[in-house]
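Q:
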Amino acid sequence: MTWQPIDCHAHSIFSDGELTVAEVVERAAELGVTPSLADHISRDVARSITSVEQVEIYLDTLDQFDVLRAGEFCWHDNLWRELPGTLVRRFTHRLGSLHAIQLDDGTLVHAFSRRLPQGLTVQQYMDAHTDTLERFAREMPVDVLAHPTLVTLPFRGIDVDTLWSEEREIRVVDALFDAGIAFEISSRYPPHERLVRRAIDRGVRISLGSDGHTRTQVADVARPLALARALGVADDDLYDPMRHGSKTGFSGRTAA
Ligand SMILES: [Zn+2]
Ligand SMILES: [Zn+2]
Numbered sequence: 001m002t003w004q005p006i007d008c009h010a011h012s013i014f015s016d017g018e019l020t021v022a023e024v025v026e027r028a029a030e031l032g033v034t035p036s037l038a039d040h041i042s043r044d045v046a047r048s049i050t051s052v053e054q055v056e057i058y059l060d061t062l063d064q065f066d067v068l069r070a071g072e073f074c075w076h077d078n079l080w081r082e083l084p085g086t087l088v089r090r091f092t093h094r095l096g097s098l099h100a101i102q103l104d105d106g107t108l109v110h111a112f113s114r115r116l117p118q119g120l121t122v123q124q125y126m127d128a129h130t131d132t133l134e135r136f137a138r139e140m141p142v143d144v145l146a147h148p149t150l151v152t153l154p155f156r157g158i159d160v161d162t163l164w165s166e167e168r169e170i171r172v173v174d175a176l177f178d179a180g181i182a183f184e185i186s187s188r189y190p191p192h193e194r195l196v197r198r199a200i201d202r203g204v205r206i207s208l209g210s211d212g213h214t215r216t217q218v219a220d221v222a223r224p225l226a227l228a229r230a231l232g233v234a235d236d237d238l239y240d241p242m243r244h245g246s247k248t249g250f251s252g253r254t255a256a
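Per the numbering used here, the very first residue in the sequence shown carries number 1; after that it's consecutive.
1) May I ask whether a heavy atom of ligand 2 can be found less than 7 Å away from the beta carbon of D131?
2) Mapping DSSP to helix, strand and coil, what is D104?
3) To the nearest angstrom, report how far apart L108 and E82 are at their CA atoms.
4) Less than 8 Å between the CB atoms is what I'm expecting for P5 and V33, so what's the real figure, rounded?
5) Name all residues in chain order for which at least one heavy atom of ligand 1 lies closer than 7 Å to the residue's CB.
6) Under 8 Å: do the stretch 117-126 and the stretch 69-76 share three or more Cβ pairs, one atom per stretch?
7) Measure the C-alpha to C-alpha separation of L68 and S246 and round it to an integer number of angstroms.
8) Where R43 and E184 are concerned, what is the direct C-alpha to C-alpha distance, given to the nearest angstrom?
9) Roughly how many angstroms separate the alpha carbons of F65 and F177, rounded to a whole number?
10) Excluding the five sequence neighbours on either side, which residues of its own chain have a C-beta within less than 6 Å of the C-beta of V173, listed in chain order?
11) Report yes if the C-beta of H110 is less than 7 Å from at least one heavy atom of ligand 2; otherwise report no.
12) Taking the beta carbon of R94 as the centre, do at least 16 other beta carbons fall within 10 Å, making it buried, or is it exposed?
13) For the stretch 78-92 against the stretch 52-61, do three or more pairs of beta-carbon atoms, one drawn from each stretch, fall closer than 8 Å, so that the two count as touching?
14) Could you spell out where the beta strand (DSSP E) holding H40 opens and where it closes?
15) Could you spell out the range, first to last residue, of the beta strand (DSSP E) harbouring L208?
16) Can you give me the Cβ contacts of L163 inside the same chain, cut-off strictly under 6 Å, excluding the 5 residues immediately before and after it?
17) Can you list, in chain order, the residues of its chain whose CB lies under 7 Å from that of H213, leaving out five sequence neighbours each side?
18) Tell me, to the nearest whole angstrom, how far the beta carbon of L103 is from that of A128; I am working on the premise that it is less than 8 Å.
19) Under the rule that 16 or more other beta-carbon atoms within 10 Å means buried, what is F91, buried or exposed?
20) How about I206 and A228: do their beta carbons lie closer than 8 Å?
21) To the nearest angstrom, report how far apart A256 and E30 are at their CA atoms.
22) For the beta strand (DSSP E) containing A182, list its first residue and its last residue.
23) Please state whether DSSP places A137 in a helix, a strand or coil.
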């Protein structure tokens, strides 16, 4: 079989996506992409898988399709810490997300909230973001950091050089490298090229993710793939749980 890009990150109606699992699989086939379901597994996402029992139902369903079985777990929510090993081993790979970062006093700043703690500056926020990312990398046994450059709504759109100093970028790629966590190039939240280049130069693996929720978004990894190729990443080096394995213990495609 010829090489196909893998969309390591797509959502279905199991969380906040619009497509059924069958529709995700069908759409990916149309685009010549290998699909993964990576629905939200967290108690702090509005439409999400929120219990161990629901994770079991989700995995039982995915077993009926020729699809990679992932999940997107919030670092700041404890559900990932509560999953029994028997369930963890059924995932082909797992994604971790910083949907909230933690300030020194313990306050969480959510990525999708419009409210900021009073007086929080963008520089303080980005320092806390970097600190949280380092903690995430030490604590969370995931294969991919989803959308590494996602920041809280009030600070989105601020120019890259204000958000990302060289020191912060180095700390991020060092943390991912040390933990063996891949850097996702997201279709939905595209990272700036300098940071992707820095990750590649450091030896961090690159993963493609549509973070698709709709039919037009799911499995569309054309832009992330083009960027990875432009920066010299060989197709075979892009994260593929079947080729590179997973911290879940998955080591290759098994019969569904
Ligand atoms: Zn996310
Ligand atoms: Zn997502």
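Even glycine gets a Cβ: it sits at the ideal position worked out from N, Cα and C.
A: Reading from the atomic positions:
1) Here the question's residue 131 lines up with position 131 in the sequence shown. No, Cβ of D131 sits at least 7 Å from all heavy atoms of ligand 2.
2) Start at 1 with the first residue of the sequence shown, and residue 104 comes out as number 104. D104: coil per DSSP, three-state reduction.
3) Locating residue 108 in the sequence shown gives position 108, counting from the first residue. Locating residue 82 in the sequence shown gives position 82, counting from the first residue. Each residue's Cα considered, the two are about 20 Å apart.
4) Stepping through the sequence shown from its first residue, residue 5 is reached at position 5. Stepping through the sequence shown from its first residue, residue 33 is reached at position 33. Contact holds; Cβ gap of about 5 Å.
5) For ligand 1, the selected residues are E72, S97, H99, A146, H147, L150, D211.
6) no
7) Start at 1 with the first residue of the sequence shown, and residue 68 comes out as number 68. Start at 1 with the first residue of the sequence shown, and residue 246 comes out as number 246. One C-alpha to the other measures close to 12 Å.
8) As a first step, residue 43 is located in the sequence shown; it is residue number 43 there, counting from the start. As a first step, residue 184 is located in the sequence shown; it is residue number 184 there, counting from the start. Between the alpha carbons of R43 and E184 lies a gap of roughly 23 Å.
9) Taking the sequence shown and counting its residues from 1, one reaches residue 65 at position 65. Taking the sequence shown and counting its residues from 1, one reaches residue 177 at position 177. If I take the Cα positions, the gap works out to 32 Å.
10) Indexing the sequence shown from 1 puts residue 173 at position 173. Cβ within range, chain order: R198, A199, R202, V204.
11) Locating residue 110 in the sequence shown gives position 110, where the first residue counts as 1. The answer is no for H110.
12) Position 94 of the sequence shown, counted from the start, is the residue given in the question as residue 94. In summary, R94 is buried, with 16 or more beta-carbon neighbours lying within 10 Å of its beta-carbon over all protein chains present.
13) yes
14) Reading the sequence shown from its first residue, position 40 is the one you call residue 40. H40 -> beta strand (DSSP E) spans 34-41.
15) Within the sequence shown, residue 208 is the residue found at index 208, counting from 1. Its beta strand (DSSP E) spans residues 206-209.
16) Residue 163 sits at position 163 when you count from the first residue of the sequence shown. Hits under 6 Å: M126.
17) Looking up residue 213 in the sequence shown gives position 213. Correct list, in chain order: H11, D16, G17, E18.
18) For the purposes of this step, residue 103 is taken as residue 103 along the sequence shown, with counting starting at 1. For the purposes of this step, residue 128 is taken as residue 128 along the sequence shown, with counting starting at 1. About 5 Å separates the two Cβ atoms, so the contact holds.
19) Within the sequence shown, the letter at position 91 stands for residue 91. F91 should be labelled buried.
20) To locate residue 206, count along the sequence shown from 1; it is residue 206. To locate residue 228, count along the sequence shown from 1; it is residue 228. In contact: I206 and A228 (Cβ atoms closer than 8 Å).
21) As a first step, residue 256 must be located in the sequence shown, where it is residue number 256. As a first step, residue 30 must be located in the sequence shown, where it is residue number 30. Any answer about A256 is weak, because its pLDDT of 44 lies below 50 and its placement is not dependable; what the coordinates show is given next. Roughly 21 Å separates the two Cα atoms.
22) Within the sequence shown, residue 182 is the residue found at index 182, counting from 1. Looking at the DSSP string, the run of the beta strand (DSSP E) that includes A182 is 182-186.
23) Position 137 of the sequence shown, counted from the first residue, corresponds to residue 137. In the structure shown, A137 sits in a helix (DSSP, three-state: H, G or I).
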